[in-house]
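K.L.:
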Amino acid sequence: MVKPVNAQTGREYVRNYPDSTLHVTLVAPETVRVLVVPRGANANFPRVPLVLPQPTTRDAFKLRVSKSNIDLQTSRLRLHIHNDAPAVDFYDAAGKPLSLDSGGAATVEGQQRDTRSIAPDEEFFGFGLQFHSLAQRGKTKTLKVNADPKDDKGNSHAVVPFFLSTAGYGIYLDSHAYTYFDMGQTAADSLYFQTPDPVLDYYFCYGPTFHDLLARYTQLTGRMRMPPKWGLGFWYRMKSDWKQDKVEATAREFRTRNIPCDVVGLEPKWQTHAYSCSYIWNKDQYPDPAGFVGRMRGQHYHVNLWEHAYVHPSSPIYDELEKANAVADKKVWGGLVPDWTKPEAAAIFARLHEQEHLKLGVDGYKLDECDGSDYTGGWFFPDDTHFPSGLSGAQMHNVFGYLYQKRFHEMFERRNQRSYLLCRGMFAGAQAYPTVIYSDWYGFEQYVRAAANSGFSGVLWCPEVRQTANEQEFIRRFETVFFSPLAMINAWADGVTPWEKGPEVERIFRLYAGLRMQLMPYLYSAFWQMHETGLPVVRALVMDWPHDRNTYAVDDEFMFGPSILVAPIISGTTRSIYLPTGQWTNWWTGETITGGRRINYEATPDRLPLFVRVGSIIPMQPVMSYVGEKPVDTLTLRVFPSQEPFSSVVYDDDGTTLNYVQGQNVRIHSAGAPTSKGISLSMSAPQGNYRPEWNHVQWEVQGMGIIPRRVLLGRSVLKPLASDAENAVRGYTYDATTHLLRIVVPFGKAQTIHIIS
């Protein structure tokens, strides 16, 4: 037997066992890396680095040795290292068990496995974009990117080997192979995870809240770059076989009918060859590409092009890629498969796209067919493919789409330009890029469940509208999609438009497209929060209420930003809605409802159930036909007062460049609190180097039962205004019917408003 050897530094502990070596590294006070290298294994095997370089923590391990184990302690965690096996137990700083090992890491049938105990009341969430279940205890998951997630076995368009526990911890398995997780199915009191990689490499994160865990995970794998503002507007993807004139006429119709729309998408037939791709304009469909894109931009549309990564022999880059040794040894649809880990492949693609598309004004891409399918196979590279980087097809499979979109964002970033991409295959680290996942799978109920699940790993998901069965489903789907990271009708197959469904459907569509535009400051500020902290824009209720077991099964509702609860109507006009603890306001009626219970809700076709947390401040703007149609002179802050102090942050920048990274942005902190005489509202002076468009602030206070006796700005008394005083710059109005108090004041300085009832 090999005698155990200890080697310990301030942030790393290494121990040899007879069959393996254990490396324990302190990444941050709440994050620990565990690496187990079996005897003789190659720890430097080919793989794509997904964990970013981490700043050196000031914390350090404190070492204690006992007969049974080694204790390592940080300011937030305690670790017990077993003497007889490469096993690590995790406790919080007070000694409360978080996750205990059950026998140690081991090689089982060629796979590296770790088995851990499960507490009786513990539940798990995560694993990326799961369509069939929310809570994962008692299930198994094989994490393989797949275009047809037809069962509850883990496969999906976006899989992420990261899960969160209600015990307050999360585990990220750093492997892009086909990993396997048994979350208590084989044995109810234990879980295990395994990888075919030659080593076991995972990160243990302590929260204790789910918000904290997302912050830890995204600190490891990346935080969201800000999307362009235009990407958050409405998207319409044209029917694939429409020619240039028809596309332009349809775009004009959106403007004529005053339906907000920012992006037009072109589907496969815009190029000369689509399966595989040439990336060259099809002059039969678009005889004047430069003129077409120019006219779209003249109408303030952004053009998005469909493509996939497989290069047809007719493409100008076919020979160049082969000569650069930047492609795999197998083809898809007769096309070359680029090795996205090779800078040469990225550079060759970038030059062609710059010349053919970006110089014309194209702003983004839909990156299709990068997920493969276990059901309709034959069109993705097989597992035994060899890539020049040394990766096999199996090793490349899960990260192919992730690397594809990453290279395209880098292409735009070199132009100091943001883009908002669509991609059908993603992996861990996807949450660091403004790229939205979509699907060719159409079940509405599953689309909503995927939206709830998306937040556990921070991926962006679009429950797009396409080929609906009837008018009712069309309405309910588009109502929901306007409360997702990307609002889109994908008419590539049927050419459906909102107006062809009749005047009432068109009216409802215009209502929700307009509401999306009104909520743009709220949505953009939520993306900034994601950029700063990793907290996802769309998330399941359990993310915010992890100790409320009633939320564990709620997979048909989700939070949209920090304040708005969305409860889609899947069919019919009624449903049961769970409102978590607290007070909630019905967006449409203003009624306040006590949460911690289910309510029955009846919704007419034009009413998507929306509820706002009491104690919220929702920043809003006027309806526009497209983002930036006119300056936003007045920032509206809709206030839902609480009996406790409340606050919010509004964020803004230029919405298009990367200058925000260099400090060209602005944050405004707003707050409210009850007082003995009424309510006080406050706003900070603008913080940052960006000057927003706002010249005025309009506070809209919900639920004011009586007209206030006085409204003060600082010590100055504000005067009541006529109810139709639309252009007023200072004063207030009160609507006795809606109980809405509007207060207009200048923007630019710190201010406090006192509402005296």
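In this note's numbering, the protein residues as written are 150 to 906.
Beta carbons: idealized from backbone N, C-alpha and C, even for Gly.
Just to confirm my understanding: we take Glu161, look at its own chain, exclude 5 residues before and 5 after, and list those with CB closer than 6 Å. What are they?
P.N.:
As a first step, residue 161 is located in the sequence shown; it is residue number 12 there, counting from the start. Correct list, in chain order: Thr174.
K.L.:
What residues match up with Ala820 in a beta bridge as DSSP calls it?
P.N.:
If you number the sequence shown from 1, residue 820 lands on position 671. DSSP output for Ala820 lists Ser796 and Ser831 as bridge partner(s).
K.L.:
I'd like to know whether the C-beta atoms of Leu870 and Val894 end up nearer to each other than 7 Å.
P.N.:
Within the sequence shown, residue 870 is the residue found at index 721, counting from 1. Within the sequence shown, residue 894 is the residue found at index 745, counting from 1. For Leu870 and Val894, no; Cβs fall outside 7 Å.
K.L.:
Let me make sure I understand the geometry here. Which of Tyr428, Arg406 and Leu381 has the alpha-carbon closest to that of Phe632?
P.N.:
The count along the sequence shown starts at 1 and reaches residue 632 at position 483. With distances taken between Cα atoms, Phe632 lies closest to Leu381.
K.L.:
Report the rounded CA-to-CA distance for Arg286 versus Gln279, giving the unit in angstroms.
P.N.:
Numbered from 1 along the sequence shown, position 137 holds the residue referred to as residue 286. Numbered from 1 along the sequence shown, position 130 holds the residue referred to as residue 279. Straight-line Cα distance between these residues: approximately 14 Å.
K.L.:
Considering only C-alpha positions, which residue in the set Arg859, Val630, His535 and Pro729 is nearest to Thr743?
P.N.:
The residue you call residue 743 lines up with position 594 of the sequence shown. If we check each option's Cα against that of Thr743, Pro729 comes out closest.
K.L.:
DSSP puts Ser339 in a beta bridge; with which residues?
P.N.:
Taking the first residue of the sequence shown as position 1, residue 339 is located at position 190. Answer by DSSP bridge pairing, in chain order: Ser266.
K.L.:
Spell out the partners DSSP gives Tyr351 in its beta bridges.
P.N.:
One-based indexing of the sequence shown puts residue 351 at position 202. Paired residues: Val183 and Leu322.
K.L.:
Output the distance between the C-alpha atoms of Ala473 and His506, rounded to the nearest integer angstrom.
P.N.:
Position 324 of the sequence shown, counted from the start, is the residue given in the question as residue 473. Position 357 of the sequence shown, counted from the start, is the residue given in the question as residue 506. The alpha-carbon atoms of Ala473 and His506 are separated by roughly 23 Å.
K.L.:
Using DSSP with H/G/I as helix, E/B as strand and the rest coil, what is Met373?
P.N.:
Start at 1 with the first residue of the sequence shown, and residue 373 comes out as number 224. Residue state, collapsed to three classes: coil.
K.L.:
In whole angstroms, what is the alpha-carbon distance linking Ser825 and Met853?
P.N.:
Reading the sequence shown from its first residue, position 676 is the one you call residue 825. Reading the sequence shown from its first residue, position 704 is the one you call residue 853. Going by the C-alpha atoms only, they are around 15 Å apart.
K.L.:
Keeping to the same chain, check which residues put their C-beta closer than 6 Å to that of Glu655; ignore five residues upstream and five downstream.
P.N.:
Walking along the sequence shown from the start, residue 655 turns up at place 506. Here the set comprises Pro647 and Trp648.
K.L.:
For Val154, name the three-state secondary structure that DSSP assigns.
P.N.:
Taking the sequence shown and counting its residues from 1, the one referred to as residue 154 is at position 5. With a pLDDT of 42 at Val154, under the threshold of 50, the modelled position of that residue is not reliable, and no figure is offered here.
K.L.:
By the DSSP assignment, the alpha helix (DSSP H) with Gly651 in it spans what residues?
P.N.:
Residue 651 sits at position 502 when you count from the first residue of the sequence shown. No alpha helix (DSSP H) holds Gly651; DSSP gives it neither H nor E.
K.L.:
Whose CA, out of Glu778, Val761 and Leu786, lies closest to the CA of Pro768?
P.N.:
If you number the sequence shown from 1, residue 768 lands on position 619. It is Leu786.
K.L.:
Cβ of Asp390 within 7 Å of Cβ of Lys418?
P.N.:
Numbered from 1 along the sequence shown, position 241 holds the residue referred to as residue 390. Numbered from 1 along the sequence shown, position 269 holds the residue referred to as residue 418. Taking 7 Å as the Cβ cut-off, Asp390 and Lys418 qualify as a contacting pair.
K.L.:
Where does Met150 land, buried or exposed, given buried means 16+ other C-beta within 10 angstroms?
P.N.:
Reading the sequence shown from its first residue, position 1 is the one you call residue 150. For Met150, the predicted model reports a pLDDT of 31, less than 50, meaning its position is unreliable and no value from the coordinates is stated.
K.L.:
What first and last residue would you give for the beta strand (DSSP E) that runs through Ser765?
P.N.:
Along the sequence shown, one-based indexing puts residue 765 at 616. Ser765 to Met769 is the span of the beta strand (DSSP E), which, as asked, contains Ser765.
K.L.:
When we look at the beta-carbon of Glu620 and count the other beta-carbons within 10 Å, is it buried (16 or more) or exposed?
P.N.:
Looking up residue 620 in the sequence shown gives position 471. The residue is exposed, with fewer than 16 neighbouring Cβ atoms inside 10 Å.
K.L.:
How big is the Cα-Cα spacing for Lys152 and Arg164?
P.N.:
Walking along the sequence shown from the start, residue 152 turns up at place 3. Walking along the sequence shown from the start, residue 164 turns up at place 15. Unreliable placement is indicated for Lys152, whose pLDDT of 39 sits below 50; no coordinate value is reported for it.
K.L.:
Which residue wins for smallest C-alpha separation from Ser765, given the options Gly777, Tyr750, Thr741 and Arg747?
P.N.:
Taking the sequence shown and counting its residues from 1, one reaches residue 765 at position 616. Closest option to Ser765, Cα to Cα, is Thr741.
K.L.:
At which residue ranges does the stretch 582–634 contain complete beta strand (DSSP E) runs of 3 or more residues, listed in the order of the chain?
P.N.:
As far as the stretch 582–634 is concerned, its whole beta strand (DSSP E) runs of at least 3 residues are 584–586.
K.L.:
Expressed to the nearest angstrom, what Euclidean distance is found between the alpha-carbon atoms of Leu283 and Asn407?
P.N.:
Counted from its first residue, the sequence shown places residue 283 at position 134. Counted from its first residue, the sequence shown places residue 407 at position 258. Using only the alpha carbons, I get a separation of about 39 Å.
K.L.:
For the beta strand (DSSP E) holding Glu849, just list the boundary residues, first then last.
P.N.:
Taking the first residue of the sequence shown as position 1, residue 849 is located at position 700. Its beta strand (DSSP E) spans residues His845 to Val850.
K.L.:
Taking contact to mean 3 or more Cβ pairs, one atom from each stretch, closer than 8 Å, check whether the stretch 437–454 and the stretch 503–523 are in contact.
P.N.:
Touching, yes, given that three or more Cβ pairs across the two stretches are closer than 8 Å.
K.L.:
From Ile719 to Leu516, what does the alpha carbon distance come to, in whole angstroms?
P.N.:
The count along the sequence shown starts at 1 and reaches residue 719 at position 570. The count along the sequence shown starts at 1 and reaches residue 516 at position 367. Roughly 29 Å separates the two Cα atoms.
K.L.:
Let me check one thing: in DSSP terms, what residues is Gly277 bridge-paired to?
P.N.:
Numbered from its first residue, the sequence shown carries residue 277 at position 128. In the DSSP output, where bridge partners are listed per residue, Gly277 has Val308.
K.L.:
Measure the CB-CB distance between Leu313 and Gly277 and report whether it falls below 7 Å.
P.N.:
Stepping through the sequence shown from its first residue, residue 313 is reached at position 164. Stepping through the sequence shown from its first residue, residue 277 is reached at position 128. Against a cut-off of 7 Å, the Cβ pair of Gly277 and Leu313 comes out as no contact.
K.L.:
Would you decide whether Tyr673 is buried or exposed? Buried here means 16 or more other CB atoms lie within 10 Å of its CB.
P.N.:
Your numbering for residue 673 matches position 524 in the sequence shown. That one is buried.
K.L.:
By alpha-carbon positions, which one of Ser588, Ser606, Pro794 and Gly607 ends up nearest to Arg615?
P.N.:
For the purposes of this step, residue 615 is taken as residue 466 along the sequence shown, with counting starting at 1. Comparing Cα-Cα distances from Arg615 to each of Ser588, Ser606, Pro794 and Gly607, the minimum goes to Ser588.
K.L.:
In chain order, what residues of the same chain have a beta carbon less than 6 Å from the beta carbon of Thr289, not counting five sequence neighbours either side?
P.N.:
By one-based count along the sequence shown, residue 289 stands at place 140. Hits under 6 Å: Asp331 and Gln334.
K.L.:
Out of Gly244, Ile904, Leu322 and Leu571, point me to the one whose CA is closest to Ser606's CA.
P.N.:
Position 457 of the sequence shown, counting from 1, holds the residue named residue 606. Looking at the Cα atoms, Leu322 is the closest of the given residues.
K.L.:
Output the distance between the C-alpha atoms of Glu272 and Ala316, rounded to the nearest integer angstrom.
P.N.:
By one-based count along the sequence shown, residue 272 stands at place 123. By one-based count along the sequence shown, residue 316 stands at place 167. If I take the Cα positions, the gap works out to 8 Å.
K.L.:
How many whole angstroms separate the CB atoms of Ile817 and Val799, which I take to be in contact at a CB cut-off of 8 Å?
P.N.:
Counting from one through the sequence shown, the residue named residue 817 turns up at place 668. Counting from one through the sequence shown, the residue named residue 799 turns up at place 650. Indeed, because the Cβ distance is near 5 Å, the residues count as touching under 8 Å.
K.L.:
Excluding five sequence neighbours on each side, which residues of the same chain lie with their C-beta closer than 6 Å to the C-beta of Val154?
P.N.:
As a position in the sequence shown, residue 154 is number 5, starting the count at 1. Confidence in Val154 is poor, its pLDDT being 42 and thus under 50, which makes the residue's placement too unreliable to answer from.
K.L.:
Going by the CB atoms, is the gap between Gly880 and Leu890 shorter than 7 Å?
P.N.:
For the purposes of this step, residue 890 is taken as the residue at position 741 of the sequence shown. For the purposes of this step, residue 880 is taken as the residue at position 731 of the sequence shown. No, Cβ-Cβ distance for Leu890 and Gly880 is not below 7 Å.
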